[in-house]
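Sequential numbering of the sequence shown, starting at 13, is according to this note's numbering. C-beta: ideal position from N, C-alpha, C; glycine also. Being a predicted model, the structure only gives us computed values, none of them experimental.
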Amino acid sequence: MRAPVTTAGNVKTALGTEASVGLYGTVGVTADLAPYLRGEAPGTVTASSRDGAKTADTWSVYGGVDLSGTLRLQLSVFGTPVIERSIPPGTLNREWKLAGGTF
């Protein structure tokens, strides 16, 4: 008789900053930069009546950065906004493995 049990854990922490640049209140760019650390630890325990219990556990730590932004357009007539547009160009995500192992 075999009885496998699989678990997984994942934790992510980030610290972000936002920068904005505008030209006379009509055109502007906003960027969000968020470096982060992420850790994960999946594991499996298999118990059998013949071999006993065996474990296969690993852990990994990753570091990365998320960069997102928005292009803002605005047209105002006598101080009243006529056109307001926010165009998101997309998100850039880069991640690197910093450490890992088994236990």
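| Check | Outcome |
| --- | --- |
| In whole angstroms, what is the alpha-carbon distance linking Thr42 and Met13? | 59 Å |
| Closest to Gly102 by CA distance: which of Ser32, Asp44 and Thr114 is it? | Asp44 |
| Using only alpha-carbon positions, find the residue among Thr18, Gly37 and Ala20 that is nearest to Leu87. | Gly37 |
| Compute the Euclidean distance between the alpha carbons of Gly55 and Gly76, then round it to the nearest angstrom. | 24 Å |
| Return the CA-CA distance between Leu85 and Leu104, expressed in angstroms with no decimal places. | 22 Å |
| Cα-Cα, which of Val89, Leu79 and Tyr74 is closest to Thr25? | Tyr74 |
| Can you tell me whether DSSP reads Leu45 as helix, strand or coil? | strand |
| Which same chain residues end up closer than 6 Å to Thr67 when comparing Cβ atoms and leaving out the 5 residues on each side of it in sequence? | Val57 |
| Between Asp78, Leu83 and Ala46, which has its C-alpha nearest Leu35's C-alpha? | Leu83 |
| Just curious, the beta strand (DSSP E) that Tyr74 is in, first and last residue? | Gly64 to Val89 |
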